[in-house]
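Trainee: Before anything else, here's the structure in question.
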Amino acid sequence: MTNSREDVVNKIAALPQLVFTSWSELNEVLKSYCSRHKLLFRARDTQTVRKHNSSKEFKIPIEMEYSYKVFRCTHGCHQKSRGAGHCTTPVRFTGCKARFTASVMDVGAEGDKPDCKIILRNWTWTHNHHTNNTIFAGYFGAESIPEDSRVLESVGLLADANAESHYVRDYLSGALERQVTPQQARNIVQRVLKNDSVEEQLTSMLDTLDKHEDHDVLVLRDQNDVTCGVVIQTAVQKIAFKKWGETLCMDWTYGTNNLGFHLVVIDKDFKEWRILEKCFPEATVLLCQFHAMKTWKKIVKTRKYGLNGIQQDEVENAIMKMMYSTTSAAFIRVRDDFENFCNGLCPDICNKPCAEIFMYFQENRENCSDMWSNFGRGNYFTAGNTTTNRIEISSNGFLERRRELTEPLRAYCRTK
1 MTNSREDVVN KIAALPQLVF TSWSELNEVL KSYCSRHKLL FRARDTQTVR
51 KHNSSKEFKI PIEMEYSYKV FRCTHGCHQK SRGAGHCTTP VRFTGCKARF
101 TASVMDVGAE GDKPDCKIIL RNWTWTHNHH TNNTIFAGYF GAESIPEDSR
151 VLESVGLLAD ANAESHYVRD YLSGALERQV TPQQARNIVQ RVLKNDSVEE
201 QLTSMLDTLD KHEDHDVLVL RDQNDVTCGV VIQTAVQKIA FKKWGETLCM
251 DWTYGTNNLG FHLVVIDKDF KEWRILEKCF PEATVLLCQF HAMKTWKKIV
301 KTRKYGLNGI QQDEVENAIM KMMYSTTSAA FIRVRDDFEN FCNGLCPDIC
351 NKPCAEIFMY FQENRENCSD MWSNFGRGNY FTAGNTTTNR IEISSNGFLE
401 RRRELTEPLR AYCRTK
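Here's what the structure looks like:
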């Protein structure tokens with residue numbers, strides 16, 4: 001409400017009714033009044049009938065519940081911060097003096113039976129802030145909807161049907177007769193989902209997924225009928241595995257790439273390489289491009305090859321170009337230029353030969369170029385994963401993390 005802190009004199013018409021027979025009647029009139037003028041009043045001070053009757057001579061019927069309520073404009077209500085940090089978001093408080101007091105009073109004639117009514121007094125209807133649809137929309141929150149409201153039930157049905165967020169927002173705006181922001185709509189959906197247990201949410205999501213055409217859900221149970229795993233396969237995954245069946249996929253233990261696929265990419269560990277080829281003879285094993293380049297950065301700096309600064313840069317540049325070559329011809333062209341440079345045939349760059357580094361390339365990298373260069377990797381489905389799933393890092397995080405089974409399924413459902 002930073003824009004509302006300027007000196008504003010905003011005179012609003014008074015409530016159209018000043019006498020009420022019940023608090024519910026007052027609430028209905030006040031709700032309509034606030035909606036019409038884009039305001040929000042809060043009851044900041046109240047007294048129960050029981051407390052009033054315990055100390056006052058005038059007795060109020062117990063069904064009235066409250067003897068009085070003091071309503072203040074929400075921009076005049078200030079709550080002391082409960083934290084020690086610096087607040088970076090704008091606050092609503094502007095020191096607005098708009099207010100009124102609603103008190104239960106006997107309006108009957110003297111000597112007659114008491115006739116209790118709620119009377120408004122001590123009012124001020126002038127505000128010191130702007131009033132518009134945008135500001136009014138910010139007053140509304142998920143908790144302002146009653147628990148037994150049919151609106152929440154309808155939102156639950158929309159959430160079960162995986163309705164798009166803008167459809168939910170349009171429904172809420174119409175049902176509540178006010179502007180609902182996207183964030184408010186998400187908060188309401190989250191409130192509805194929290195009412196269900198984790199088991200109910202999981203069951204609902206699995207049922208929804210199973211209803212989609214060509215989607216399969218497999219629930220794994222042990223001998224005690226305890227669920228120990230849930231396997232899903234979407235229609236898109238079926239197509240991918242049909243076309244690129246040689247791709248090796250693992251479980252969700254060590255994380256995924258941004259598309260949710262789990263692929264095996266290794267660094268040049270010969271033991272790991274041989275084990276994978278033996279256990280998965282039909283799988284295609286690719287080398288991690290990140291670690292391949294990282295290894296070269298270390299090799300060119302070793303004393304064994306005695307490379308100067310210019311040579312180090314040229315070797316790294318040549319390896320980088322070969323790595324990102326999209327065709328075999330482009331790879332061979334860069335490879336030949338790299339060989340000429342190492343043999344000292346590029347005096348305009350550096351006339352000092354470095355044949356040893358090219359021999360290392362031939363013995364350790366050239367014979368497996370299709371595993372680390374794009375021209376070879378491009379023939380295999382990798383879902384954009386070019387680096388290793390760093391098991392040691394993921395394992396450390398996994399030991400401290402308690403990930404709900406519903407999280408990956410909920411993330412999938414949000415994409416539908």
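Using UniProt numbering, the letters of the sequence shown correspond one by one to residues 1 to 416. From the three backbone atoms N, C-alpha and C, an ideal C-beta is built for every residue, glycine too.
1) With a 10 Å radius around its C-beta and 16 neighbouring C-beta atoms as the bar for buried, classify M359 as buried or exposed.
2) So V19 packs on K117, CB below 8 Å; how close in whole Å?
3) Just how far apart, CA to CA, sit S154 and D207?
4) Measuring straight from C-alpha to C-alpha, what distance separates R232 and T21?
5) Check for me: the alpha helix (DSSP H) holding C228 runs from which residue to which?
6) Applying the 10 Å Cβ sphere with the 16-neighbour rule, what's the burial state of F140?
7) Just the Cα atoms here: how many angstroms apart are V219 and Q184?
8) Please confirm whether W125 and K11 have their CB atoms less than 8 Å apart.
9) For H127, does the count of other Cβ atoms within 10 angstroms reach 16, so buried, or fall short, so exposed?
10) Secondary structure at I12, three-state DSSP: helix, strand or coil?
11) Count the CB pairs spanning the region 358–377 and the region 284–296 that are closer than 8 Å, and state whether there are at least three.
12) Buried or exposed: where does K304 fall if 16 or more other Cβ atoms within 10 Å of its Cβ makes it buried?
13) Classify G76: buried if its beta carbon has 16 or more other beta carbons within 10 angstroms, exposed otherwise.
14) For L15, which residues from the same chain have a beta carbon less than 6 Å from its beta carbon, with the 5 sequence-adjacent residues on both sides left out?
15) What is the rounded straight-line gap between the Cα of R191 and the Cα of G156?
16) Taking the alpha carbon of G108 as the point to measure from, which residue in A98, R99, E200, I119 has its own alpha carbon closest?
17) What's the C-alpha gap between G255 and R335?
18) Report back the beta-carbon spacing between S373 and M320 to the nearest angstrom; my notes put them in contact at under 8 Å.
19) Beta carbon of M64, beta carbon of V104: below 8 Å?
Mentor: So, to answer that:
1) exposed
2) 5 Å
3) 19 Å
4) Looking at the sequence shown, residue 232 is not Arg but Ile. Whole-angstrom Cα-Cα distance: 60 Å.
5) C228 -> not in any alpha helix (DSSP H); beta strand (DSSP E) instead, spanning 227–233.
6) buried
7) 35 Å
8) yes
9) buried
10) coil
11) yes
12) exposed
13) buried
14) Y33
15) 10 Å
16) I119
17) With a pLDDT of 41 at G255, under the threshold of 50, the modelled position of this residue cannot be trusted; read the value that follows with caution. For G255 and R335, the distance between alpha carbons rounds to 35 Å.
18) Going by Cβ atoms, the distance from S373 to M320 rounds to 11 Å, so no, they are not a contact pair.
19) yes
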